[in-house]
Amino acid sequence: MKGEPKKIKVLICGILPPPYFGHSMLYKMLMASSFPDAFDVKFLNMRFWTYGTDKKVTIQKLFKMVQYFLKFKWILIFWRPRYVLYNSSFYKMPFLKDLLFCSMAILAGSRLVIHDHGQYVRELDESLTGLKKKSLRWMLRHMHASIIMGQKVRQDYEALSAPQKLLVVPGTVEDTRDIKVDSVKAEGRTNVLYFSYMSRSKGVFTAFEGLDLVLQEREEVTVTFGGPLEGPDVREALEKFQLNYPGRIYYAGYVEDVAERTRLFRQADIFIFPTLRDVFGLVLLHAMAEGLPIVASREGTIPEIVPDGKNGLLFEKGDARALAGNILKLVFDSDLRNQMGQANRRRFEEQYTLEKYGQAMVDAFKQMEAL
């Protein structure tokens, strides 16, 4: 309408599903939130990542990079966004790609906002030398702000960025409360769910070791695994595990369907997340939304998401015996499972809904206007 102030232009450089993983799902939620209504938004869908080519340089990726960069440059020149929200990986291999895009945004006069989904800026800085290190630090000095996933991430930016440039916005997932699925639980059983990328870094071998102790101790316990397999070593270990406990271990595979994922969570009694390397695990929010008690490792911002003893039981990462002990504590105590599950549903509604996330992102950009 004539006379209304123009909306601030924001270019988002990220990835939308497919593939279905943390970053793509969070951007899906961002675009479904109130954020695109508050600003004039363009989304540059940069699909570099797949489970099969993770951390690999391919000809196809290089070709895509050229295509995305040309489109990115055109948007900067002709659309002239005030802000560029860029999903930076902070890994050594893709750093030069990130530097190319981020430096172009800075030189074009846009305000660069790094969307740090929990990567490792401190580790990257320590791994680089010479011109690469100087380039990273130049980029961090000239960024307008960084949106981080939790308070713990602040320490990674010490001496690399001014504290006022770091704005905390936790993630979100869709609320599946109203989805209707057939999810009858097996009577007399306690089902433990692992739902994540089945990789070493996500603690899948810690899960195998800890769950082996649990299954030896309690015959009524069953286990469900969901998620893509990292490689043949994980597949071999899973198949061996299944042979040792016939009929008690189910592998659901790579689950993309929302209804199927919801069914798996509702058939579970306990959710485990024994990750070795993470900052903000969105799967924890799925467990919260479904009212499940959580057993998770103390890693990244997980203690901020899951208060220990109230919403779940935490253990030191890699400690399979501690994982088993926490699972068994919940197996033995159904009242504690129910209390923690109810506390998690309340916590989800209070802090992690789509509405809360959208408003937090809007508020973060309003705060940036004063920086």
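The opening position of the sequence shown corresponds to residue 5 in the working numbering, with each subsequent residue numbered one higher. Ideal Cβ positions, reconstructed from N, Cα and C, are used throughout, including at glycine.
Nearest neighbour of residue i, chosen from the options [CA to CA]
{"i": "Ile309", "options": "Ala324, Arg325, Leu288 and Phe319", "result": "Leu288"}
{"i": "Tyr90", "options": "Leu48, Trp78 and Glu127", "result": "Leu48"}
{"i": "His290", "options": "Ser92, Lys46, Arg341 and Leu197", "result": "Leu197"}
{"i": "Met377", "options": "Ile110, Gly251, Arg204 and Leu66", "result": "Outside the modelled stretch of the chain, which goes from 5 to 375, sits residue 377, for which no answer is possible."}
{"i": "Glu224", "options": "Phe39, Arg252, Ser200 and Pro232", "result": "Arg252"}
{"i": "Thr226", "options": "Ala190, Glu243, Asp237 and Leu242", "result": "Ala190"}
{"i": "Ser114", "options": "Val88, Gly122, Leu104 and Leu100", "result": "Val88"}
{"i": "Met292", "options": "Ala109, Tyr356 and Ala241", "result": "Tyr356"}
{"i": "Arg265", "options": "Gly230, Ser107, Leu242 and Phe277", "result": "Gly230"}
{"i": "Arg145", "options": "Gly154, Lys370 and Leu170", "result": "Leu170"}
{"i": "Tyr24", "options": "Thr194, Ala166, Leu268 and Val177", "result": "Val177"}
{"i": "Gly154", "options": "Thr279, Leu317 and Gly122", "result": "Gly122"}
{"i": "Ile79", "options": "Ala326, Leu104, Leu15 and Glu130", "result": "Leu15"}
{"i": "Leu334", "options": "Pro22, Lys321 and Lys314", "result": "Lys314"}
{"i": "Pro278", "options": "Lys32, Ser205, Asp339 and Arg267", "result": "Ser205"}
{"i": "Met33", "options": "Phe76, Ala364 and Val188", "result": "Ala364"}
Start-to-end residues for the beta strand (DSSP E) that takes in residue i
{"i": "Val227", "result": "Val225 to Gly230"}
{"i": "Ile276", "result": "Ile274 to Phe277"}
{"i": "Ser301", "result": "Ile298 to Ser301"}
{"i": "Val196", "result": "Thr194 to Phe199"}
Where the alpha helix (DSSP H) through residue i begins and ends
{"i": "Ala291", "result": "Leu286 to Ala293"}
{"i": "Ser139", "result": "Gly134 to His146"}
{"i": "Asn330", "result": "Ala324 to Phe336"}
{"i": "Lys370", "result": "Leu358 to Met372"}
{"i": "Leu128", "result": "Val125 to Ser131"}
{"i": "Ile306", "result": "Ile306 to Ile309"}
Classification of residue i by the beta-carbon crowding that lies within 10 angstroms, buried from 16 upward
{"i": "Asp102", "result": "buried"}
{"i": "Tyr258", "result": "exposed"}
{"i": "Ala300", "result": "buried"}
{"i": "Asn348", "result": "buried"}
{"i": "Ser150", "result": "buried"}
{"i": "Glu303", "result": "buried"}
{"i": "Asp160", "result": "buried"}
{"i": "Asp273", "result": "buried"}
{"i": "Asn330", "result": "buried"}
{"i": "Arg267", "result": "buried"}
{"i": "Gln271", "result": "buried"}
Backbone secondary structure at residue i - three-state DSSP
{"i": "Met29", "result": "helix"}
{"i": "Met153", "result": "coil"}
{"i": "Asp182", "result": "coil"}
{"i": "Lys169", "result": "helix"}
{"i": "Val117", "result": "strand"}
{"i": "Asp160", "result": "helix"}
{"i": "Gly18", "result": "strand"}
{"i": "Leu318", "result": "strand"}
{"i": "Asp282", "result": "coil"}
Proximity test, residue i beta-carbon vs the ligand HEM heavy atom, cut-off 7 Å
{"i": "Ile118", "result": "In the structure shown, the ligand HEM is absent, as is every other ligand, since no ligand is present at all."}
Min CB distance residue i to chain C below 8 Å
{"i": "Gln346", "result": "The chain inventory of the structure shown lacks chain C, comprising one protein chain alone."}
At which residue ranges does the stretch 210-268 contain complete beta strand (DSSP E) runs of 3 or more residues, listed in the order of the chain? 225-230 and 253-255
Contained alpha helix (DSSP H) runs [length at least 4] in the stretch 33-114, N- to C-terminal order: 39-42, 63-82 and 99-111
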